[in-house]
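Student: To get my numbering, take the position in the first sequence, counting from 1, and add 423.
Even for Gly, the Cβ is constructed at its ideal location relative to N, Cα and C.
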Amino acid sequence: MPRSAFDQLAEPVRRWIWQQKWPSLRDVQEKAIPAVLAGGDIVISARTAAGKTEAAFLPLLSRIASNGRSADGFAVLYVSPLKALINDQHRRLESLCEACDILLHKWHGDVSEDAKARARKRPSGLVLITPESLEALLVRRGREAPRLFSRLDAFVIDELHAFIGTERGMQLQSILNRIEVATGRERIDRIGLSATLGDMHLAAEALRPGAGGSVSIIEGVDEGNGLKLQIRGYAIERPASADDETQDGGDERRDPFGASSVPDRLASDLFRFLRGRSNLLFAGSRVNVEIYTDRLSEMCRANSFPNEFFAHHGNLAKAMREEVEHRLRDDPRPTTAVATMTLELGIDIGDVETVAQIGPGFSVASLRQRLGRSGRRPGKPAKLRIFVPEPVAGPGDHPVDRLHLGLVQSIAMVECLLENWCEPPADAGLHLSTLIHQILAAILQTGGLKPASAWQLLCGRGPFRNVDKGLFADLLRRMAHPDVRLIEQSPQGLLMIGETGEQIAESHELYAVFMTEKEYRIIHEARVLGTYPLSSPVAPNETLIFAGRRWRILDVDDHARVIAVQPTRAGKPPYFAGDGGAIHDKIVSKMQDILAGGNVFTYLDTEAVGLLNAARSAFRDLGLHERSVIPHGEGVLVFPWAGTRKLRTLLAALLASELKGSAAWHVIEIQEVDLEGVAHHLKRIADAPPPDGITLAARLAQPQLAKFDRFLSPELMNLVTAKERLDIPELPSVASATLRNLSRVV
DNA sequence: GACCTGCTGCGGACTG
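What follows is the structure, encoded as structure tokens:
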């Protein structure tokens, strides 16, 4: 008989599995156990709730158990992006660790200082920690790092996909590297737990930057039960502006289907499909979450049903979000959470009947994560319904409205999902903001280091691979500049913390690398409902929809940053600012194929089919089947059929040619020019080598998107914009593709 | 035309 995975586990681990009365090990666990026991870097990927945690920890605890228990260092460091996930995992691992006589420590901002001090005093066993708490530990107690971590057997990174390509991911990679260097270990095993992405080699590279090829990849077989899928279209008449009920009007006309209301037919369909079961409704933005929750709750009340629709987004108080999660997971009453991406990550909410979504969303990766929330019970397929409202254009409306790009993008994204493709994470970034942070952290951890060893630590061996020695020196000079004073250099040449650096080091600002906005707290009686951005002014007596309910503002205390509210009958949607995202090239190019082609998509409802046919006719009427630039009014419309970064780059290049225009959703509109004029400029851009990106970036607004961007010089900021927000190398080929067939016309 | 995440340290006084 072959030796099964189970037999390879340590005796106390096997005994614990017996006690759980599991019928068998899951597929991903069978595969992961021998791999983890053998050692090395591993990515374990499977859908949410497929047993990834146990797949890593059953063999890891077997490894530690055979090493014997000691108190001279932690054995495993588990890093999670969410405190809530640490609390979940602590509950799941408690009895297993107890059975193995291995200590288990929770370590994040809500854990008492006392518990952390005890763990530090006699370091042993498993630590479940956030990147920020780990950063705090290194920065505040850098000299203890060798004692705490020299005996580490492995790092476990949960939700690895959530870290890839982000500032926080760069910080985490840097921290892991700093620990390896501080303990004098060449490499400590890294085990990443990830959702299944299109190309798992990118996850491997994220786990071990520069050596992704040496990482083993374990993919759990999807035990799913198939997919039931529908896209529903809603042709929505534009409200005549004379009927506009709101006093402050302007926004309403610009965005009739966004922030103001839910079209009646859409509302009644949502109510019909969702009520009476447990579902997730992804509404796209926090404002939409509020509007849809309010509307659906009102429909419950109007029909004398108890409410079963609840809001869930990042500005709602944790306690309120947890009530919704708890009701979904443990309460038999039907519950629909109307949510933003807060319910995409691995928080345990059990299985839902249907995943519904308003509009196309922003990425296929996100769509896939959402879908994994449904169809987990045996014999029950995952169900996805996408509801797409489309304005029906009348004469005189903008031609782009006739293309129904929301519906076409929804189809493109579903096609990508069915092809098993999803967006690879971006990796071209310089991440200078986070590098500034890591330079400060490394100085604090070590007490001071030479510029050459700082470069080697962070860029040579560490994750900031795109920063060469010259750029690193520029950055250090900027950090030491008299206007900035983040660092200074000692007579011996050591980098030391400067005056501004001191101020940051003394505050909470030091630990997290992502940007946050200052906010008011919204309070009803003694209860905190959530937070509201300071940048959005509100006044007493104003009404507000928040947490899916209607309130009147009693008082605004700007000093204490508190808004007091009481329930009321009327309310208007809240205001949250957003950043705007970037859609991938492949999706936009597929949109062009869908509009130009004649494929039938069986998952469309009748109304969506009608809208798609109308869009395809408009595509031909406008001549877009033959060329990508068409006349419009006094100017032209340019359709590069490329993703957001390329679109933005082409616009910047055209503006640099002294043209006037702007970019909207997938389209560039240029004013006061004819086809011939635009063709001339496109041809020049297509025939020239890629321009100097820094000069092009200097023409753009430079929003400080990352936390420490405010310390960068204009030159360094232009460099960041050129690398991270534009796509300079591809500009000539984008221009040339856009130009294709235009010569026949002019 | 967006969304999400996180967070010191210390010693001495007091209580049971």
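Just how far apart, CA to CA, sit D674 and G1066?
Tutor: The predicted position of D674 is uncertain, since its pLDDT is 38 and thus under 50; a value taken from the coordinates is nonetheless stated next. Cα-Cα distance, rounded: 27 Å.
Student: Here's a check: name, in chain order, each residue in its chain whose Cβ is nearer than 7 Å to the Cβ of H854, leaving out the five neighbours to either side.
Tutor: Around H854: E590, M593 and F887.
Student: Enumerate in chain order the residues of its own chain whose CB-to-CB distance from G1033 is below 8 Å, with the five nearest sequence positions on each side excluded.
Tutor: Result list for G1033: G656 and A658, in chain order.
Student: What residue range does the alpha helix (DSSP H) around F436 cover?
Tutor: Residue 436 is actually Val in this sequence, not Phe. First-last of the alpha helix (DSSP H) with V436: E434 to Q443.
Student: Check this for me: beta carbons of I641 and S468, under 8 Å apart or not?
Tutor: Contact flag set, yes.
Student: To the nearest angstrom, how far is the alpha carbon of S573 from that of D612?
Tutor: Their Cα atoms are separated by approximately 13 Å.
Student: Might you give, ordered along the chain, the residues of its own chain that have their beta carbon closer than 6 Å to the beta carbon of A827, omitting 5 neighbours on each side?
Tutor: Position check: residue 827 holds His in this sequence, whereas Ala was assumed. Correct list, in chain order: E813, L1034 and A1038.
Student: Which whole runs of the beta strand (DSSP E) in the segment 1023-1063 are 3 residues long or more, in chain order?
Tutor: Whole beta strand (DSSP E) segments, 3+ residues: 1052-1055 and 1058-1061.
Student: If we count the other Cβ atoms within 10 Å of its Cβ and call it buried at 16 or more, is S720 buried or exposed?
Tutor: Label assigned to S720: buried.
Student: On the DSSP bridge list, what partners appear for P812?
Tutor: DSSP, once it has assigned bridges, lists Y657 as partnering P812.
Student: Cα separation between A1158 and A542?
Tutor: Distance between the alpha carbons of A1158 and A542 is about 59 Å.
Student: DSSP puts N1164 in a beta bridge; with which residues?
Tutor: Paired residues: none, contrary to the question.
Student: Which first and last residues belong to the alpha helix (DSSP H) in which L863 is found?
Tutor: Where L863 is concerned, the enclosing alpha helix (DSSP H) stretches over L855 to T869.
Student: Does the segment 466-481 come close enough to the segment 612-626 to have 3 or more Cβ pairs within less than 8 Å?
Tutor: Cβ pair count under 8 Å is three or more, so yes.
Student: For H982, count the other beta carbons within 10 Å of its own beta carbon; 16 or more makes it buried, fewer makes it exposed. Which is it?
Tutor: Exposed is the call here.
Student: With DSSP collapsed to three states, give me the class of D645.
Tutor: D645 falls in the coil class under three-state DSSP.
Student: At which residues does the beta strand (DSSP E) containing Y501 begin and terminate?
Tutor: Where Y501 is concerned, the enclosing beta strand (DSSP E) stretches over V499 to V502.
Student: At which residue ranges does the segment 898-970 contain complete alpha helix (DSSP H) runs of 4 or more residues, listed in the order of the chain?
Tutor: Runs found: 922-929.
Student: With burial defined as no fewer than 16 other Cβ atoms inside 10 Å of the residue's Cβ, what is the status of S959: buried or exposed?
Tutor: S959 should be labelled exposed.
Student: May I ask you to verify whether the segment 630-644 touches the segment 801-818, counting CB pairs closer than 8 Å and requiring at least 3?
Tutor: No: the two stretches stay apart, fewer than three of their Cβ pairs being nearer than 8 Å.
Student: Helix, strand or coil, according to DSSP, for K651 in the structure here?
Tutor: In the structure shown, K651 sits in a strand (DSSP, three-state: E or B).
Student: In chain order, what residues of the same chain lie with their CB nearer than 6 Å to the CB of T553, ignoring the 5 residues before and after it?
Tutor: Counting only Cβ-Cβ distances below 6 Å, and skipping sequence neighbours, we find H531.
Student: I need the straight-line Cα distance from H736 to L917, nearest angstrom please.
Tutor: Taking the straight line joining both Cα atoms gives about 46 Å.
Student: Mind reading off the beta-carbon distance from A993 to R973? Whole number of angstroms is fine, and I expect it under 8 Å.
Tutor: Their Cβ separation, rounded to whole angstroms, is 6 Å, which keeps A993 and R973 in contact under 8 Å.
Student: DSSP three-state call for S485: helix, strand or coil?
Tutor: If DSSP states are grouped into helix, strand and coil, S485 belongs with the helices.
Student: Are at least three pairs of beta-carbons, each pair with one atom in the segment 1114-1121 and one in the segment 851-869, less than 8 Å apart?
Tutor: They do not touch, by the three-pair rule.
Student: Cα separation between E558 and V1059?
Tutor: In a straight line, the C-alpha of E558 is about 52 Å away from that of V1059.
Student: Tell me the rounded alpha-carbon separation between A540 and A605.
Tutor: C-alpha separation (whole angstroms): 21 Å.
Student: Measure the beta-carbon distance from V988 to I976 and round it to whole angstroms, keeping in mind my assumption that it falls under 8 Å.
Tutor: Their Cβ separation, rounded to whole angstroms, is 6 Å, which keeps V988 and I976 in contact under 8 Å.
Student: Is DSSP giving G681 helix, strand or coil here?
Tutor: Its pLDDT being 42, under 50, G681 is placed unreliably in this model, and the coordinates cannot settle the point.
Student: Decide if L1149 is buried, meaning its Cβ has at least 16 other Cβ atoms within 10 Å, or exposed.
Tutor: Buried is the call here.
Student: Say whether the segment 446-455 touches the segment 770-777, bearing in mind that this needs 3 or more beta-carbon pairs closer than 8 Å, one atom from each stretch.
Tutor: Not touching, per the Cβ criterion.
Student: Exposed or buried, what is D717 when buried is set at 16 or more other beta-carbons lying within 10 Å of its beta-carbon?
Tutor: By the 10 Å Cβ count, D717 comes out buried.
Student: On the DSSP bridge assignment, give the partners of E1092 in chain order.
Tutor: BP columns for E1092 point to L1060 and S1085.
Student: Please state if the CB of L551 and the CB of H584 are separated by a distance shorter than 8 Å.
Tutor: No, Cβ-Cβ distance for H584 and L551 is not below 8 Å.
Student: Give the straight-line distance between the Cα atoms of G1084 and L1123, rounded to the nearest whole angstrom.
Tutor: Approximately 13 Å between the Cα atoms of the pair.
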